[in-house]
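Its first residue numbered 0, the sequence shown is counted upward by one per residue in numbering that gives the first Met the number 0.
Using N, Cα and C, we set each Cβ at its ideal position, and we do this for glycine too.
Notes follow the structure.
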Amino acid sequence: MSVAAEVPPVGELLRTWRERRRFSQQELSDLSRVSTRHLSRVETGRAHPTAEMLLRLSVHLDVPLRDRNRLLLAAGYAPRYRDRPLDDVSVAVVMDGLRRLLDAHLPYPALLLDDHWDIVDANAAVDRLLVGCAPELLEPPVNVVRVCLHPDGLADRIANYAEWGGQLLRQVGHRAERTHDPRHRRLAAEIAGYVDGHTGRTGAAAAPAGPVLTLELVVDGALSRFFSTSATLSTATDAALEGLHLETFLPADDATRRRFDGR
0 MSVAAEVPPV GELLRTWRER RRFSQQELSD LSRVSTRHLS RVETGRAHPT
50 AEMLLRLSVH LDVPLRDRNR LLLAAGYAPR YRDRPLDDVS VAVVMDGLRR
100 LLDAHLPYPA LLLDDHWDIV DANAAVDRLL VGCAPELLEP PVNVVRVCLH
150 PDGLADRIAN YAEWGGQLLR QVGHRAERTH DPRHRRLAAE IAGYVDGHTG
200 RTGAAAAPAG PVLTLELVVD GALSRFFSTS ATLSTATDAA LEGLHLETFL
250 PADDATRRRF DGR
């Protein structure tokens, strides 16, 4: 006989998010204008929160949209945020706009990634970066962090692997801390093994020499240097769209610019 997993009471979930954000009840009360007495009663199950109260607290606790829906469901309310597939017609105009940004970034690489760093789409320049990676790493869904740091991916072509790998590991760890998503935690543990194994062979990371950390990657037999930017949909009200981010790479020196400009 199968037994469905029990959903924790809404008060327990709320307390868990408050503790994850390292807020005292008083600090959350000051931010949200909900009394500490009422917060305490909600967390212990002696009072039932309104949907509006849960949403207000979620904003101050920086709860991801999918988890806001879980809070609402635990309290007996309907979810407020849609979680549509990215090929759904209702988000087509957003996805089309993002893909236009990918193409507009040519001849330099740009990727559209989901919340777990899986590639949703990429422009043609990305193909040049991935030449030589093991075929199994390029089977969808392709995780760009794994491809970068895996020994059979880009690892041996990244000249500053220790610095770049350390930065990616911090990013994944930070997101795992924010979301407490098991997939983020597993990815962080996986790539920590790659980084530790590689830096154990090459020594500790050196301090970055320039004003920004660059990716120093051998492309077409020559060392190319890029700096990256990341953009998100800050006004997303759909859980799937909330996790999307656009990663763009720009030349960090004239040689890289000429190589990708075709000059």
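What number of angstroms, rounded off, separates the C-alpha of residue i from the C-alpha of residue j?
| i | j | result |
| --- | --- | --- |
| Ala3 | Arg83 | Residue confidence is low: Ala3 scores 41 on pLDDT, short of 50, so the model does not pin down where it sits. Its coordinate-derived value is still stated next. The straight-line gap from Cα to Cα measures roughly 25 angstroms. |
| Ala238 | Leu71 | 14 angstroms |
| Asp102 | Arg224 | 21 angstroms |
| Cys132 | Ser233 | 33 angstroms |
| Thr213 | Arg17 | 36 angstroms |
| Tyr160 | Leu38 | 47 angstroms |
| Thr231 | Val211 | 20 angstroms |
| Glu162 | Gly196 | 14 angstroms |
| Val194 | Ala188 | 10 angstroms |
| Ala46 | Ser28 | 16 angstroms |
What is the C-beta distance between residue i and residue j, in whole angstroms, given that I count them as a contact (C-beta under 8 angstroms)?
| i | j | result |
| --- | --- | --- |
| Arg20 | Leu64 | Incorrect: roughly 16 angstroms between the Cβ atoms, too far for contact. |
| Thr94 | Leu85 | Contrary to the premise, residue 94 reads as Met rather than Thr in this sequence. Going by Cβ atoms, the distance from Met94 to Leu85 rounds to 6 angstroms, so yes, they are a contact pair. |
| Phe248 | Ser229 | No, Phe248 and Ser229 are not in contact; Cβ-Cβ is about 11 angstroms, not under 8 angstroms. |
| Leu129 | Val146 | 7 angstroms |
Taking all protein chains shown into account, decide if residue i is buried (16 or more other Cβ within 10 angstroms of its Cβ) or exposed.
| i | result |
| --- | --- |
| Glu215 | buried |
| Val62 | buried |
| Glu176 | exposed |
| Met0 | Unreliable positioning characterises Met0 in this predicted model, as indicated by a pLDDT of 36, which lies under 50. The coordinate reading is nonetheless provided below. Counting Cβ neighbours within 10 Å, Met0 comes out exposed, since fewer than 16 surround it. |
| Gly220 | exposed |
| Ser57 | buried |
| Gly44 | exposed |
| Arg174 | buried |
| His183 | buried |
| Glu138 | exposed |
| Arg67 | buried |
Per DSSP, residue i forms a beta bridge with which residues?
| i | result |
| --- | --- |
| Leu111 | Asp120 and Leu245 |
| Asn263 | Given a span of 0 to 262 for the chain in the structure shown, any question on residue 263 remains unanswerable. |
* Ignoring anything shorter than 3 residues or poking outside the region 188-254, list the beta strand (DSSP E) runs there in chain order. => 214-218, 221-231 and 244-250
* Asked: In chain order, which continuous runs of the alpha helix (DSSP H) of length 4 or greater are located wholly inside the region 10-82?
  -> 24-31, 35-42, 50-59 and 64-73
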